[in-house]
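Number of protein chains: 2
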Amino acid sequence: MFAQTPEPPYYAVIFTNQRSRQSADGDDGYADTAERMVALAKQQPGFLGVESVRGADGMGITVSYWSSEESIAGWRQHTEHTLAREQGRKRWYGQFSVRVAKVDRAYGMAPQGERS
Amino acid sequence: MFAQTPEPPYYAVIFTNQRSRQSADGDDGYADTAERMVALAKQQPGFLGVESVRGADGMGITVSYWSSEESIAGWRQHTEHTLAREQGRKRWYGQFSVRVAKVDRAYGMAPQGERS
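Respectively, the protein sequence lines represent chains A and B. The first sequence runs 17 to 132 under this note's numbering. The second sequence runs 17 to 132 under this note's numbering.
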């Protein structure tokens, strides 16, 4: 899933994470919450898109894109997102890093092989 | 694999990519080249670290970290890296995006549960 972002500048939140060992009864509510957070984020002012991958070893990278620092701060203060982050620290993640960055330039190759 | 980066500011190159359908005889040289590129990047001036994940569906996110725009430009001009990128466009990737961003702030949770 590629994010369709506008011309820079805009902001990226790079969330690198390692899932903790999963409990015997499944994923401990993680998948449902992750899906809910994406749905909520999409409703936030300034949300531009998200790209997320998880490997077989439980390592994951999620990058969300935002129009401004203010929109990032707004999402950070969202009550349900705050509660989910607490659960993440306690239950779901063994380790993580968050980096907030300003995207200055972007390019790529579209599915048909054209350069964008 | 988490990158051990210094205090911001520094730069991130966010490479989001989808592998093309793999040929019948394996990965078409992709894994060897990817490994070689990481080894080469680590030798570049200004390289700070790399984090990379690929999902079962062939979607991947690799984020490399650099001390300056100049160090990113230097790696981009590396001959072997330039050749590898050409192969990537032709053979290995169905689609990709590259975003260059300046990291302004970072935080996280260390493996023992301590905040960093």
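Every residue, glycine too, gets a C-beta built ideally from N, C-alpha and C.
May I ask you to list, following chain order, the residues of the segment 67-88 of chain A that have a beta carbon less than 9 Å from some beta carbon of chain B?
Glu67, Ser68, Val69, Arg70, Gly71, Ala72, Asp73, Met75, Gly76, Ile77, Thr78, Val79, Tyr81, Glu85
Along the beta strand (DSSP E) that carries B:Arg37, what are the first and last residues, could you check?
First-last for B:Arg37: undefined, no H or E at that position.
Tell me whether the beta-carbon of B:Val66 lies closer than 7 Å to the beta-carbon of B:Ser80.
yes
Could you check if A:Tyr26 is buried or exposed, using at least 16 other CB atoms within 10 Å of its CB as the buried criterion?
buried
Beta-carbon spacing of B:Ala117, B:Ala28 below 7 Å
yes
Helix, strand or coil, according to DSSP, for B:Gly124 in the structure here?
strand
Where A:Glu78 and B:Thr49 are concerned, what is the direct C-alpha to C-alpha distance, given to the nearest angstrom?
Checking the sequence shown, residue 78 of chain A turns out to be Thr, not Glu. When rounded, the distance between both Cα atoms is 24 Å.
If you check the beta carbons only, do B:Asp43 and B:Arg107 fall under 7 Å apart?
no
CB contact check: B:Met125 to chain A, cutoff 7 Å
yes
Which same chain residues end up closer than 7 Å to B:Glu96 when comparing Cβ atoms and leaving out the 5 residues on each side of it in sequence?
Leu56
Beta-carbon contacts of B:Pro11 that lie in its chain and below 6 Å, excluding the five residues immediately before and after:
A query on residue 11 of chain B cannot be resolved here, the shown segment of chain B reaching from 17 to 132 and no further.
Within chain B, partners of A:Asp120 - CB distance below 8 Å:
Val116, Ala117, Lys118
Cut-off 7 Å between Cβ atoms - residues of its own chain near B:Gln20, not counting five sequence neighbours on either side:
Gly65
Along the segment 101-112 of chain A, where does the CB come closer than 7 Å to a CB of chain B? Name the residues.
Arg105, Tyr109, Gly110, Gln111, Phe112
Is B:Ser87 near B:Pro61, with beta carbons less than 7 Å apart?
Yes, Cβ-Cβ distance for B:Ser87 and B:Pro61 is below 7 Å.
Under 8 Å by Cβ, that's how I've got A:Tyr109 and A:Gln59 pegged, so tell me the actual separation to the nearest angstrom.
With 8 Å as the limit, A:Tyr109 and A:Gln59 do not qualify as a contact, their Cβ atoms being about 24 Å apart.
Go ahead and label B:Ser84 buried or exposed: buried means 16 or more other beta carbons lie within 10 angstroms of its beta carbon, across all protein chains shown.
exposed
Would you say A:Thr32 reaches chain B, if we count a Cβ-Cβ gap shorter than 7 Å as a contact?
yes
Using 7 Å as the limit for Cβ to Cβ distance, is B:Ala47 near chain A?
no
Closest Cβ-Cβ distance between B:Ala28 and chain A: below 7 Å?
yes
For B:Glu67, write down the residues that DSSP places opposite it in a beta bridge.
Note: B:Glu67 is bridge-paired with B:Val79 in the DSSP secondary-structure output.
Kindly list the residues whose CB is nearer than 7 Å to the CB of A:Arg115, restricted to its own chain and excluding five residues on each side of it in sequence; keep chain order.
Hits under 7 Å: Ile30.
Per DSSP, which residues does B:Ala117 bridge with? Please list them.
Per DSSP, the beta-bridge partners of B:Ala117 are A:Val119, B:Ala28.
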